[in-house]
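For the sequence shown, the positions run 12 to 402 when this note's numbering is used. The C-beta atom is built at its ideal place from N, Cα and C for all residues, glycine as well. Bear in mind the structure is a predicted one, so any value in this text is a computation, not a measurement. The structure appears right after this line, and notes come after that.
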Amino acid sequence: MEGDIATMVCQTFRSLQRGDFSALLLAVVVLGILFEGMQETTAFPTWRIEEEVHTSGVLMIGIRKDAHTQVLHLSRNKRYTLTPEKLKWDKFKLTYKLLSFPRNLMNASDTRHGIAKAFTMWSDVSPFSFREVPADQEADIKIGFYPINHTDCLQSYLHHCFDGITGELAHAFFPPTGEIHFDDHEYWILGNMRFSWKKGVWLTDLVHVAAHEIGHVLGLMHSLNPKAIMHLNATLTGRKLITQDEVWGLHRLYGCLDRLFICPAWARKGYCDSKRKLMQKHCPSSCDFCYEFPFPTVAPTPTPQRTKHKLVAEGKKLTFRCGKKIAAKAGKVYWYKDGEILEYSHPGYISLKDDHISIVANAINEGTYTCIVRKKNKVLTNYSWRVRVRF
12 MEGDIATMVC QTFRSLQRGD FSALLLAVVV LGILFEGMQE TTAFPTWRIE EEVHTSGVLM
72 IGIRKDAHTQ VLHLSRNKRY TLTPEKLKWD KFKLTYKLLS FPRNLMNASD TRHGIAKAFT
132 MWSDVSPFSF REVPADQEAD IKIGFYPINH TDCLQSYLHH CFDGITGELA HAFFPPTGEI
192 HFDDHEYWIL GNMRFSWKKG VWLTDLVHVA AHEIGHVLGL MHSLNPKAIM HLNATLTGRK
252 LITQDEVWGL HRLYGCLDRL FICPAWARKG YCDSKRKLMQ KHCPSSCDFC YEFPFPTVAP
312 TPTPQRTKHK LVAEGKKLTF RCGKKIAAKA GKVYWYKDGE ILEYSHPGYI SLKDDHISIV
372 ANAINEGTYT CIVRKKNKVL TNYSWRVRVR F
């Protein structure tokens, strides 16, 4: 990619030799870019379209092998969901380190290669860059392969442990925690997920799962697009490309502005088509890569009229229970926060257990929690709790 930039810079300077002095200003800008490097910011630019934001406060999300919104004033729901605005990075250059390696099949070298490839998938389509550092150095993202009982999962109120082979494959913590835990009981490989008749186990592609978890580390939740790598069932699709769906999600979270001053000139030269990959990373605004196609509108989940209001002290643990008797006999319980479905427990924030949900009261977890008991398309009962935190 650096070579492509150098080529484009040379073309800018050749225009000076042809007497096109209108490129002089661009040339000066290019020199500044070359010496200063890519733009680093401590505060990201904001999204240019006015938003009405509805976020769900979660910290960590996982992906299983057997796993079966935000709203613009254009009245259009995205197929991706974002973490709250607080849960994002304040820089583009991130470091990572590997604290442990898998015990089954894969060696340390292949593990490093697979993790690096997953990071490259994201750096190719975003302003982020990732660099591995030694395990004894500080890093933004910490990665490890762990047994069922790992780190603080036994002591933590909301951090769940792994469940052994063929269950949860990995889980990741949103910014700024930035941790990725892989289940060390799984059989990790570099290649398509497949069943090994010799070993009698599923072999799971490390690159695919790592790319999914990195998306969470960057601040993205699950996508409703079945072709997206951030889809809940991503491991079953074998897809190894970041879709425009995820790119739009990063634009919404971090802003969508050009990273180079020369982007408009490159766009006029047709580079948006001929060098799409490079322009998608550095010049999304000039190439109109920021804008979204109309997705089908999803009807919001109605909030029950009978809503209980709770004002609680910060740090207090709360548990809400929902129709245990009726759910056990006839229906299935669905949990929502601020209208978005909750699918997993999120360590440190939310613990989800069928007929009840537990949370720790904090700024991220403020909002309306709703449970709906359904039998097919019929709603049997529903409850709602509005939580406000007293700081």
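1. Name the residue from R279, N236, T392 and G266 whose alpha carbon lies nearest to the alpha carbon of Q255.
2. Do P217 and K153 have their C-beta atoms within less than 8 Å of each other?
3. Helix, strand or coil for R403, going by three-state DSSP, please let me know.
4. Whole angstroms is fine: what's the gap from L268's alpha carbon to E179's?
5. By the three-class DSSP mapping on this structure, what secondary structure does T188 have?
6. Would you mind sorting K387 into buried or exposed? The rule is 16 or more other CB atoms within 10 Å of its CB.
7. Measure the CB-CB distance between F156 and P113 and report whether it falls below 8 Å.
8. Identify which residue in A150, L116, G260 and W208 has its Cα closest to the Cα of E197.
9. Let me know the secondary structure DSSP gives V136 once reduced to three states.
10. Along the chain, where does the alpha helix (DSSP H) that runs through M290 open and close?
11. Is T415 helix, strand or coil by DSSP?
12. Alpha carbon to alpha carbon, what distance is there between D121 and H223?
13. Can you look up G350 in the DSSP assignment and give me helix, strand or coil?
14. From this set, W213, F173 and G226, which residue's C-alpha is nearest G189's C-alpha?
15. With DSSP run on the structure shown, which of helix, strand or coil describes V400?
16. Looking only at its own chain, which residues have a Cβ that is under 8 Å from the Cβ of W377, when we skip the five neighbours before and after it?
17. Within 10 angstroms of its Cβ, does S395 collect 16 or more other Cβ (buried), or is it exposed?
18. Between the stretch 367-376 and the stretch 283-302, can you find at least three pairs of beta-carbon atoms closer than 8 Å?
19. When you compare the CB positions of F193 and L98, do they come within less than 8 Å of one another, or not?
20. How would you write the range of the beta strand (DSSP E) that W199 sits in, first residue to last?
21. State the DSSP-derived secondary structure class of V323, mapped to helix, strand or coil.
22. Quick test of your reading: A129 and A221, contact by CB under 8 Å. State the CB separation rounded to the nearest angstrom.
23. Any idea which residues DSSP pairs F331 with across the strands?
24. Taking DSSP as the reference, what is the three-state secondary structure of D256?
25. Do the CB positions of D135 and T106 come within less than 8 Å of each other?
26. Would you say F206 and W213 are within 8 Å of each other, going by their C-beta atoms?
27. Decide if L42 is buried, meaning its Cβ has at least 16 other Cβ atoms within 10 Å, or exposed.
28. Check each candidate in H182, K104 and L363 and name the one with the smallest Cα separation from M241.
29. Starting from C382, trace the beta strand (DSSP E) both ways and give me its first and last residue.
30. Between Y360 and T381, is the Cβ-Cβ spacing less than 8 Å?
31. Less than 8 Å between the CB atoms is what I'm expecting for D465 and R332, so what's the real figure, rounded?
32. Do M290 and C298 count as a contact pair if the criterion is CB distance below 8 Å?
33. Could you check where the alpha helix (DSSP H) with F279 kicks off and where it finishes?
34. Please go through the same chain and pick out, in chain order, the residues whose beta-carbon is closer than 7 Å to the beta-carbon of F141, but skip the five residues on each side of it.
35. Need the endpoints of the beta strand (DSSP E) that S234 sits in, please.
In short, the structure shows the following:
1. As a position in the sequence shown, residue 255 is number 244, starting the count at 1. Of the listed residues, the one whose Cα sits closest to Q255 is N236.
2. Along the sequence shown, one-based indexing puts residue 217 at 206. Along the sequence shown, one-based indexing puts residue 153 at 142. The sequence shown places Leu at residue 217, not Pro. Contact flag unset, no.
3. A question about residue 403 goes unanswered here, because the residues of the chain that appear run from 12 up to 402.
4. Position 257 of the sequence shown, counting from 1, holds the residue named residue 268. Position 168 of the sequence shown, counting from 1, holds the residue named residue 179. Those two C-alpha atoms are separated by around 37 Å.
5. Looking up residue 188 in the sequence shown gives position 177. Residue state, collapsed to three classes: coil.
6. To locate residue 387, count along the sequence shown from 1; it is residue 376. Counting Cβ neighbours within 10 Å, K387 comes out exposed, since fewer than 16 surround it.
7. The sequence position of residue 156 within the sequence shown is 145, counting from 1. The sequence position of residue 113 within the sequence shown is 102, counting from 1. Cβ distance < 8 Å, so F156 and P113 count as in contact.
8. Along the sequence shown, read from residue 1 onward, the residue named residue 197 stands at position 186. Closest option to E197, Cα to Cα, is L116.
9. For this step, residue 136 is matched to residue 125 along the sequence shown. Looking at V136 - three-state DSSP - the assignment turns out to be coil, as it is neither helix nor strand.
10. On the sequence shown, position 279 is the one that residue 290 refers to. Run containing M290: R287 to H293, per the alpha helix (DSSP H) assignment.
11. No answer is possible for residue 415: the residues shown for the chain start at 12 and end at 402.
12. Taking the sequence shown and counting its residues from 1, one reaches residue 223 at position 212. Taking the sequence shown and counting its residues from 1, one reaches residue 121 at position 110. Distance between the alpha carbons of H223 and D121: 18 Å.
13. As a first step, residue 350 must be located in the sequence shown, where it is residue number 339. Three-state DSSP puts G350 in coil, outside helix and strand.
14. The residue you call residue 189 lines up with position 178 of the sequence shown. Here the closest residue by C-alpha is G226.
15. Counting from 1 along the sequence shown, the entry for residue 400 is found at position 389. Of the three classes helix, strand and coil, the one that applies to V400 here is strand, per DSSP.
16. The count along the sequence shown starts at 1 and reaches residue 377 at position 366. Going by the sequence as given, residue 377 is Glu instead of Trp. Leaving aside the five residues that flank E377 on each side, the residues in its chain whose CB is nearer than 8 Å to its CB run, in chain order, G68, V398, R399 and V400.
17. Indexing the sequence shown from 1 puts residue 395 at position 384. That one is buried.
18. No, because fewer than three Cβ pairs between the stretch 283-302 and the stretch 367-376 fall closer than 8 Å, the two stretches do not touch.
19. Against the sequence shown, residue 193 aligns to sequence position 182. Against the sequence shown, residue 98 aligns to sequence position 87. Their beta carbons are not under 8 Å apart, which means F193 does not touch L98 by this criterion.
20. Taking the sequence shown and counting its residues from 1, one reaches residue 199 at position 188. The continuous beta strand (DSSP E) containing W199 extends over residues Y198 to I200.
21. Numbered from 1 along the sequence shown, position 312 holds the residue referred to as residue 323. Here V323 sits in strand by DSSP.
22. Stepping through the sequence shown from its first residue, residue 129 is reached at position 118. Stepping through the sequence shown from its first residue, residue 221 is reached at position 210. That pair is a contact at about 4 Å.
23. For the purposes of this step, residue 331 is taken as the residue at position 320 of the sequence shown. Beta-bridge pairing links F331 to I368.
24. Residue numbering aside, residue 256 sits at position 245 when the sequence shown is read from its first letter. Residue state, collapsed to three classes: helix.
25. Along the sequence shown, read from residue 1 onward, the residue named residue 135 stands at position 124. Along the sequence shown, read from residue 1 onward, the residue named residue 106 stands at position 95. In this structure, T106 does not lie closer than 8 Å to D135 by Cβ.
26. Here residue 206 corresponds to residue number 195 of the sequence shown, with the count starting at 1. Here residue 213 corresponds to residue number 202 of the sequence shown, with the count starting at 1. Yes, they are a contact pair.
27. Position 31 of the sequence shown, counted from the start, is the residue given in the question as residue 42. Low confidence applies to L42: its pLDDT is 41, below 50, so where it sits in the model is not reliable enough to give any reading.
28. For this step, residue 241 is matched to residue 230 along the sequence shown. Closest option to M241, Cα to Cα, is H182.
29. One-based indexing of the sequence shown puts residue 382 at position 371. Looking at the DSSP string, the run of the beta strand (DSSP E) that includes C382 is G378 to K386.
30. Numbered from its first residue, the sequence shown carries residue 360 at position 349. Numbered from its first residue, the sequence shown carries residue 381 at position 370. For Y360 and T381, no; Cβs fall outside 8 Å.
31. Shown here, the chain extends from 12 to 402; a query on residue 465 therefore has no answer.
32. The sequence position of residue 298 within the sequence shown is 287, counting from 1. The sequence position of residue 290 within the sequence shown is 279, counting from 1. Yes, the pair counts as a contact, with Cβ atoms nearer than the cut-off.
33. Here residue 279 refers to the residue found at position 268 of the sequence shown. Just to set this straight, residue 279 is Arg in the shown sequence, not Phe. Note, R279: alpha helix (DSSP H), C274 to R279.
34. Here the question's residue 141 lines up with position 130 in the sequence shown. For F141, where only same-chain residues beyond five positions count, the Cβ hits under 7 Å are L105, Y107, F130 and S134.
35. Translated into the one-based positions of the sequence shown, residue 234 becomes position 223. Unbroken beta strand (DSSP E) run through S234: L231 to S234.
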